[in-house]
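Q: Okay, handing you the structure first.
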Amino acid sequence: MLSSIFLSLLSLTFTTALPTDSHLDKRQSTGSGPFTLIAAHSGSPIHLQAINANGGSFWIGKPPLTYCPVPPVPPGDCPPGTETALNVESGNCGLATEVPGGQDVYVAYSGALSFTEPHEEGGEVGAITGFAYQNNTNTTGGLGVFSFTGLGSLGGFVACPTVNGTGPYQIFADLPYLCDKAVPGGNVSACIGFDALGDSFANETAAFEYE
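All letters in the sequence shown, in the order written, are residues -17 to -1, 1 to 194 by mature numbering (1 follows the signal peptide of the UniProt record, and there is no 0).
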């Protein structure tokens, strides 16, 4: 998966600029996905790194944390659970899972990009709408761009280091009021802005459920 993304990005240079309507292809379908995500910020430690669901939040530098109930699900019927895939439809975002009821993706008021527990509808305090995914934009080598414009966000995301300015990095929406006490390292100025780029995921689901 990452190899195809890397080849698409070889001829591109990414900066801290976040996606805006002025330079993105306006074509966008009502429903998009499933797709996986990587961060794009050339010259940074997060460049081309996968974004994964783990512990109710999204991270760079952590693997996806998944579960499949065996039994009753036969072992051969469990999705691999080795990647994080999402779907976007009409402003709402969810994880590509098999668990009944699905799992919603939302942004908490703290700014943290988060996901619900299995069978739980909606997010906690925050926003569950305002997500978008633009397919095959002209400026990203055929990759999609994932964005969030709720809660006053300009559309982009930031990756915030946990300890001493190093990874793993927790993902937050780029909110105007994002503050030191909200981020794991306690220093919002250490967070790195990035473009969230997506690549099509071959299967309908990537995991039975994420934890």
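By construction, the Cβ of each residue, glycine as well, lies at the ideal position given by its N, Cα and C atoms.
1. Hey, would you say Ser130 sits closer than 8 Å to Phe18, going by beta carbons?
2. Using 8 Å as the threshold, is the C-beta distance between Phe177 and Ala68 below it?
3. Rounded to a whole number of angstroms, what is the C-alpha to C-alpha distance between Ala156 and Gly133?
4. Would the beta-carbon of Gly84 fall within 8 Å of that of His102?
5. Would Ser15 and Ser97 qualify as a contact pair, given that the criterion is a beta-carbon distance under 8 Å?
6. Return the CA-CA distance between Gly74 and Pro144, expressed in angstroms with no decimal places.
7. What does a CB cutoff of less than 7 Å around Thr112 pick up in its chain, not counting 5 residues either side in sequence?
8. Rounded to whole angstroms, what is the Cα-Cα separation between Asp8 and Gly138?
9. Tell me the DSSP bridge mates of Cys61?
10. For a minimum of 4 consecutive residues, which ranges assigned as the alpha helix (DSSP H) are wholly contained in the region 134 to 169?
11. CB Leu158 to CB Gly94, shorter than 8 Å?
12. Is it true that the CB of Tyr50 sits closer than 8 Å to the CB of Glu187?
13. Classify Pro62 as buried or exposed, calling it buried when 16 or more other Cβ atoms lie within 10 Å of its own Cβ.
A: The answer reads as follows:
1. For the purposes of this step, residue 130 is identified with residue 147 of the sequence shown, where counting begins at 1. For the purposes of this step, residue 18 is identified with residue 35 of the sequence shown, where counting begins at 1. For Ser130 and Phe18, no; Cβs fall outside 8 Å.
2. Taking the sequence shown and counting its residues from 1, one reaches residue 177 at position 194. Taking the sequence shown and counting its residues from 1, one reaches residue 68 at position 85. No. Outside cutoff.
3. Position 173 of the sequence shown holds residue 156. Position 150 of the sequence shown holds residue 133. Distance between the alpha carbons of Ala156 and Gly133 is about 9 Å.
4. Taking the sequence shown and counting its residues from 1, the one referred to as residue 84 is at position 101. Taking the sequence shown and counting its residues from 1, the one referred to as residue 102 is at position 119. Yes, these two residues count as a Cβ contact at 8 Å.
5. Indexing the sequence shown from 1 puts residue 15 at position 32. Indexing the sequence shown from 1 puts residue 97 at position 114. In this structure, the beta-carbon distance from Ser15 to Ser97 does not fall below 8 Å.
6. Numbered from its first residue, the sequence shown carries residue 74 at position 91. Numbered from its first residue, the sequence shown carries residue 144 at position 161. Taking the Cα positions, Gly74 is about 28 Å away from Pro144.
7. Walking along the sequence shown from the start, residue 112 turns up at place 129. Closer than 7 Å at Cβ, skipping near neighbours: Gly74, Asn75, Gly133.
8. Translated into positions along the sequence shown, residue 8 becomes position 25. Translated into positions along the sequence shown, residue 138 becomes position 155. With a pLDDT of only 30 at Asp8, under the threshold of 50, the placement of this residue in the model should not be trusted; the figure read from the coordinates follows. Taking the straight line from one Cα to the other gives about 15 Å.
9. Taking the sequence shown and counting its residues from 1, the one referred to as residue 61 is at position 78. Bridge partners of Cys61: none, in fact.
10. Runs of the alpha helix (DSSP H) inside the region 134 to 169: none found.
11. Taking the first residue of the sequence shown as position 1, residue 158 is located at position 175. Taking the first residue of the sequence shown as position 1, residue 94 is located at position 111. Yes; because the gap between Cβ atoms is below 8 Å, this pair is in contact.
12. Position 204 of the sequence shown holds residue 187. Position 67 of the sequence shown holds residue 50. Taking 8 Å as the cut-off, the Cβ atoms of Glu187 and Tyr50 do not count as close.
13. Your numbering for residue 62 matches position 79 in the sequence shown. Classification for Pro62: buried.
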